[in-house]
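First residue of the sequence shown: 43, per this note's numbering; consecutive thereafter. These notes are about the structure you will find just below.
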Amino acid sequence: MIDERLKKLASNLINYSCKLKAKEKILIEAMDCDEEFLCELVKEVYKVGAYPFVNVLKSKLSRQLMLGTSEEREKLSCNFDLPIMEQMDAYISVRSKNVFENSDIPKDRMKAYKVNYSMPVHTNTRVPKTKWVILNYPTSVVAQNAGMSTEAFEDFYFDVCNLDYSKMDNAMTPLKNLMERTDKVRIVAPNTDLTFSIKGLPAIKCSGTHNIPDGELFTAPVKNSVNGTIKYNIPILSSNGERHENITLTFKDGKIIKATSISNENIENIFDLDEGARYVGEFSFGLNPYIKKPMLDILFDEKIMGSIHFTPGSCYDECDNGNKSALHWDLIQIQTKEYGGGEIYFDDVLIRKDGKFVLEELKGLNPENLV
């Protein structure tokens, strides 16, 4: 018998996250996912009178295809999949895989995939043109990545994923309004002193409509305004599964002029992918009260309570600062006391200290008010 919490999740994805309507078309892509959950998603799609299309993938097969790929093959694959994506009104990706599965994919093949397939199909089409949501399925593999038993991870997973996102959405409004009135941002933390402008750029709520789990509020820096240094303080994976720790980036007039990582000396190569890879496309607050520590899963880690992420690479169309790239790498700094603390200032006014908002109108986003 299927877990009732999965039924609730399937209903939330179709009705809240995607807001699917009758006659709309939705593509569901699954990687190593439980078939029963996919069936629940299909049932929910049919309940609203929409049309489901399902693509079932296997991580081992996907890896094998990547090992031998080329620019030509990725362009052909794009020609095959892009017309399908262009017809879709909504998209759900459900996956469960070893996060290091692609760690030995040669860099030239990974670049071929990003530039010739991922960017046109996903970055340029799926993201701006569909109602999309991405989530990881709670399997033993994902639990192991999190350092938890499968049962404990499942309980954590459903707390996080079935959070009352409508309540969170309402609590985000004062911060959204403040961000849209702000010019100068300053971030201060251990080995970090960074300034930039967000003037004139919108702030976008992420409250269960694109990622599950969710819980972030993002904008983008004015492209050439970033100056100073930031040190990210949790382990992070690149898109091909390489692990990096203690990444430090130094900026001048918006551009990354120096990058270091204590665990990987090749980090500079990541920012040589294209011109936009050395500029920043996103600045975001992590707000999910149930997520308190990293687990090498970006869908969870970028939502960590009391964190920020400051993202080299492409911006989103909803908050267009003019930076385009095949890279979008969410790098995270946690500012709670356990991780060294930190302060964020908007126009020289302290708004958050050690991961907690200090302005009265923003305190609704502190974890004790969201659970």
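C-beta atoms are modelled at their ideal positions from N, C-alpha and C, and glycine is treated no differently. All of these numbers come straight from a predicted model, not from anything done at the bench.
First through last residue of the beta strand (DSSP E) which encompasses Q377: Here residue 377 refers to the residue found at position 335 of the sequence shown. From DSSP, Q377 is part of no beta strand (DSSP E); its letter is neither H nor E.
Reference N158; option with closest CA among W174, L259 and R115: In the sequence shown, residue 158 corresponds to position 116, counting from 1. Among W174, L259 and R115, the Cα nearest to that of N158 is on R115.
Three CB pairs or more closer than 8 angstroms across the region 211-230 and the region 59-76: Between the region 211-230 and the region 59-76 there are fewer than three C-beta pairs closer than 8 angstroms, too few to call the two in contact.
Pick from I374, P170, N178 and Q106 that is closest to K139, judged by C-alpha positions: Taking the sequence shown and counting its residues from 1, one reaches residue 139 at position 97. Checking every option, the nearest Cα to that of K139 belongs to N178.
Residues near F200 in its chain [Cβ-Cβ closer than 6 angstroms; skip 5 each side]: Counting from one through the sequence shown, the residue named residue 200 turns up at place 158. Excluding sequence positions up to five before and after F200, its CB lies within less than 6 angstroms of the CB of R47, all in the same chain and listed in chain order.
Neighbour-count burial assignment, G110, 16 or more Cβ in a 10 Å radius: In the sequence shown, the residue the question calls residue 110 occupies position 68. By the 10 Å Cβ count, G110 comes out exposed.
Sequence-distant residues of the same chain with beta carbon closer than 8 angstroms to G364, five excluded per side: Here the question's residue 364 lines up with position 322 in the sequence shown. Closer than 8 angstroms at Cβ, skipping near neighbours: K265 and C357.
The region 168-186 contacting the region 251-268, beta-carbon criterion three pairs below 8 angstroms: Here the region 168-186 makes contact with the region 251-268; the two share three or more CB pairs at distances below 8 angstroms.
Residue burial classification, L279 (beta-carbon count within 10 angstroms, cutoff 16): Start at 1 with the first residue of the sequence shown, and residue 279 comes out as number 237. Under the 10 Å beta carbon count, L279 is surrounded by 16 or more other beta carbons and is classified as buried.
Among V175, K405 and E410, the one whose alpha carbon lies nearest that of C60: Within the sequence shown, the letter at position 18 stands for residue 60. For C60, the nearest C-alpha among the options comes from V175.
For P94: DSSP bridge partner residues: The residue given as residue 94 occupies position 52 in the sequence shown. I68, per the DSSP bridge assignment.
For K294: DSSP bridge partner residues: Numbered from its first residue, the sequence shown carries residue 294 at position 252. Partner residues in the beta bridge of K294, as assigned by DSSP, are K297.
Candidates M130, N97, I246 and I312: closest to P148 by CA position: Residue mapping note: residue 148 aligns to position 106 of the sequence shown, counting from 1. The candidate whose alpha carbon is nearest that of P148 is I312.
Minimum C-alpha distance to K334 - residue among L341, G348, E86 and F352: Against the sequence shown, residue 334 aligns to sequence position 292. When each option's Cα is compared against that of K334, the closest is G348.
C33 in three-state terms, based on DSSP: One cannot answer for residue 33 here, as it falls past the ends of the chain, which runs 43 to 413.
Cut-off 7 angstroms between Cβ atoms - residues of its own chain near T192, not counting five sequence neighbours on either side: Mapped onto the sequence shown, residue 192 falls at position 150. Same-chain partners within the cutoff: S182 and A185.
Test item: CB-CB of P232 and G328 under 9 angstroms: Taking the first residue of the sequence shown as 1, we reach residue 232 at position 190. Taking the first residue of the sequence shown as 1, we reach residue 328 at position 286. The answer is no: Cβ separation not under 9 angstroms.
CB contact flag (I44, Y133, <9 angstroms): Here the question's residue 44 lines up with position 2 in the sequence shown. Here the question's residue 133 lines up with position 91 in the sequence shown. No, the pair does not count as a contact, with Cβ atoms beyond the cut-off.
Burial state of T271 (16 or more Cβ within 10 Å): Within the sequence shown, numbered from 1, the residue matching residue 271 stands at position 229. Counting Cβ neighbours within 10 Å, T271 comes out exposed, since fewer than 16 surround it.
Residues near K395 by beta carbon distance below 6 angstroms, same chain, minus five either side: Numbered from 1 along the sequence shown, position 353 holds the residue referred to as residue 395. The answer, listed in chain order, is E385.
Straight-line Cα distance separating L236 from K294: To locate residue 294, count along the sequence shown from 1; it is residue 252. To locate residue 236, count along the sequence shown from 1; it is residue 194. Those two C-alpha atoms are separated by around 10 angstroms.
Backbone CA spacing between I374 and N330 [nearest angstrom]: For this step, residue 374 is matched to residue 332 along the sequence shown. For this step, residue 330 is matched to residue 288 along the sequence shown. Per the coordinates, the alpha-carbon of I374 lies some 14 angstroms from the alpha-carbon of N330.
D132 - partner residues in DSSP beta bridges: Here residue 132 refers to the residue found at position 90 when the sequence shown is read from its first residue. First, the residue type needs correcting, since residue 132 is Ala and not Asp in the sequence shown. Assignment of beta-bridge partners to A132 by DSSP yields I68 and K173.
Whole-angstrom C-beta distance between T261 and F325, which should lie under 8 angstroms: Numbered from 1 along the sequence shown, position 283 holds the residue referred to as residue 325. Numbered from 1 along the sequence shown, position 219 holds the residue referred to as residue 261. Their Cβ separation, rounded to whole angstroms, is 6 angstroms, which keeps F325 and T261 in contact under 8 angstroms.
6 angstroms CB neighbourhood of G406 in its chain, flanking five on each side removed: Taking the sequence shown and counting its residues from 1, the one referred to as residue 406 is at position 364. A213, listed in sequence order.
Limits of the unbroken beta strand (DSSP E) element including C248: For the purposes of this step, residue 248 is taken as residue 206 along the sequence shown, with counting starting at 1. In the DSSP annotation of this structure, the continuous segment of the beta strand (DSSP E) that includes C248 starts and ends at I246 to C248.
CA-to-CA distance, K102 to E143, given in whole angstroms: Here residue 143 refers to the residue found at position 101 of the sequence shown. Here residue 102 refers to the residue found at position 60 of the sequence shown. Taking the straight line joining both Cα atoms gives about 8 angstroms.
Contacting residues, own chain, Cβ-Cβ under 6 angstroms from E287 (five flanking each side not counted): Against the sequence shown, residue 287 aligns to sequence position 245. Here E287 has P277, I304 and S305 as same chain residues with Cβ atoms under 6 angstroms from its own Cβ, once five neighbours each way along the sequence are excluded.
Local conformation of K273 per DSSP, three classes: As a position in the sequence shown, residue 273 is number 231, starting the count at 1. Strand at K273.
Rounded straight-line distance, which links the Cα of G382 to that of L83: As a position in the sequence shown, residue 83 is number 41, starting the count at 1. As a position in the sequence shown, residue 382 is number 340, starting the count at 1. Counting only the Cα atoms, G382 lies some 42 angstroms from L83.
Endpoints, alpha helix (DSSP H) assigned at A52: Walking along the sequence shown from the start, residue 52 turns up at place 10. Counting along the chain, the alpha helix (DSSP H) containing A52 begins and ends at E46 to N54.
Backbone secondary structure at A213 - three-state DSSP: The count along the sequence shown starts at 1 and reaches residue 213 at position 171. DSSP places A213 in helix when its eight states are reduced to three.
Assigned exposure category for R223 - 16 Cβ within 10 Å defines buried: On the sequence shown, residue 223 is found 181 positions in, with the first residue counted as 1. Note on R223: under 16 other CB atoms within 10 angstroms of its CB, so exposed under the neighbour-count rule.
Counterpart residues of P354 in DSSP-defined beta bridges: In the sequence shown, residue 354 corresponds to position 312, counting from 1. According to DSSP, P354 bridges with V322.
Distance, V90 Cα to T292 Cα: Residue 292 sits at position 250 when you count from the first residue of the sequence shown. Residue 90 sits at position 48 when you count from the first residue of the sequence shown. Between T292 and V90, the alpha-carbon positions lie close to 50 angstroms from each other.
Outcome for F122 when other beta-carbon atoms lying within 10 angstroms are tallied against a minimum of 16: For this step, residue 122 is matched to residue 80 along the sequence shown. An exposed status is given to F122, since fewer than 16 other beta-carbon atoms sit within 10 Å of its beta-carbon.
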